[in-house]
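Asks: Structure below; questions to follow.
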Amino acid sequence: MRIMGLDVGDKTIGIAVSDALGWTAQGVETIRRTNIKEDLKRLEELVKEKEVHKMIVGLPKNMNGTLGPQGEKVLEFVEKLKKRFNTLEIILWDERLTTVAAERTLIGADVRREKRKQVIDMVAATYILQGYLDGHKTK
């Protein structure tokens, strides 16, 4: 069983999945959002395909820890996730600076701007999930 990480934005959802042991996160894809029904349908396909038992959803917070407008949108999306995936554990994870870290990594790897736009959310989802995995490793 694997864990899925999500970086939810207005236009895209970045997706990452853990390895079977829950040690490492790998980017899977970026969903181009069209409507909530299609978004949830694609997520359901991936949950089944990857045998996911838990979701970690990045919650964007301001640097002072408060929620802004995007954080509120993510909370609304999570409520829809909980209804659709009522057998999965869904956990919110502080995603502050993950997109910045993802951007720096891609720039450091000399990824062109157009390509960065296509994969930035998937890479951010990988950072979110890896942060969770690192904080929850069993000894």
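Its first residue numbered 1, the sequence shown is counted upward by one per residue in UniProt numbering.
Where a beta carbon is used, it is the ideal one built from N, C-alpha and C, also for glycine.
The structure presented is a predicted model; accordingly, all values stated were derived computationally and were not measured.
1) Glu95: buried (16+ other C-beta within 10 angstroms of its C-beta) or exposed?
2) Determine the extent of the alpha helix (DSSP H) in which Asp10 is found, giving its start and end residues.
3) Use the C-beta contact count for Thr87: other C-beta atoms within 10 angstroms, 16 or more gives buried, fewer gives exposed.
4) What is the residue span of the alpha helix (DSSP H) that Glu95 lies within?
5) Just grab the DSSP bridge partners of Met55 for me.
Replies: So, from the listed chains and residues:
1) Here residue 95 corresponds to residue number 95 of the sequence shown, with the count starting at 1. Under this definition Glu95 is a buried residue.
2) Stepping through the sequence shown from its first residue, residue 10 is reached at position 10. Note, Asp10: premise wrong, no alpha helix (DSSP H); not H, not E.
3) Mapped onto the sequence shown, residue 87 falls at position 87. Thr87 comes out exposed.
4) To locate residue 95, count along the sequence shown from 1; it is residue 95. Element bounds for Glu95: n/a, residue is neither H nor E.
5) Taking the first residue of the sequence shown as position 1, residue 55 is located at position 55. Paired residues: Met4 and Ile90.
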